[in-house]
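This report concerns only the one structure given below.
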Amino acid sequence: MSETYTVKAEAREKVGKGAARHLRRNGLVPAVIYGDKQAPMPITIPYKETFLKLHAGGFKTTVITIDVGGQKIRVLPKDYQLDPVKDFLTHVDFLRVSSRTVVAVEIPVHFE
Numbered sequence: 001m002s003e004t005y006t007v008k009a010e011a012r013e014k015v016g017k018g019a020a021r022h023l024r025r026n027g028l029v030p031a032v033i034y035g036d037k038q039a040p041m042p043i044t045i046p047y048k049e050t051f052l053k054l055h056a057g058g059f060k061t062t063v064i065t066i067d068v069g070g071q072k073i074r075v076l077p078k079d080y081q082l083d084p085v086k087d088f089l090t091h092v093d094f095l096r097v098s099s100r101t102v103v104a105v106e107i108p109v110h111f112e
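Its first residue numbered 1, the sequence shown is counted upward by one per residue in the numbering used here.
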């Protein structure tokens with residue numbers, strides 16, 4: 001298994017286009033945690049940290065621990081959206097995983 005890391009996040013109450021734009025202007029990325037037969041949880045995560053992890057490689061195959069108000073949730077990034085012109089991260093979807101969750105992921109292999 002690859003290395004895991006922890007991301008601090010905050011639960012968000014307002015959802016929608018206007019609320020998401022406001023978050024992006026303040027250096028945050030709107031995100032959603034779903035899966036594992038639980039209700040979806042809208043959250044916000046820091047833009048810079050997430051953008052750096054995304055472009056470092058292996059983002060969608062790394063298990064991340066998200067700390068939302070003291071509650072630690074293990075997730076796997078399922079999808080993300082970028083602005084088509086500016087390459088700006090606009091949204092991330094996380095899949096909640098547990099020790100009994102079965103998921104299929106594509107793992108890139110690089111030969112030298």
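All C-beta atoms, glycine included, are put in the ideal place defined by N, C-alpha and C.
Sorting Glu112, Phe51, Ala56, Ile73 by C-alpha distance to the C-alpha of Phe94 places Ile73 at the top. The three-state secondary structure of Ala19, taken from DSSP, is helix. Under the DSSP assignment, Glu10 falls in the beta strand (DSSP E) whose first and last residues are 5–11. Setting aside the 5 residues that flank it on each side, Val15 is surrounded in the same chain by Pro42, each with a C-beta closer than 7 Å to its C-beta; the list follows chain order. Assigned with DSSP and collapsed to three states, His55 falls in helix. Within 10 angstroms of the beta-carbon of Thr4 lie fewer than 16 other beta-carbons, which makes it exposed.
In the three-state reduction of the DSSP assignment, Lys14 falls in the coil class. Between Leu76 and Tyr47, the beta carbon gap of about 20 Å keeps them out of contact (Cβ cut-off 8 Å). Around the beta carbon of Ala39, fewer than 16 other beta carbons sit within 10 angstroms, so the residue counts as exposed.
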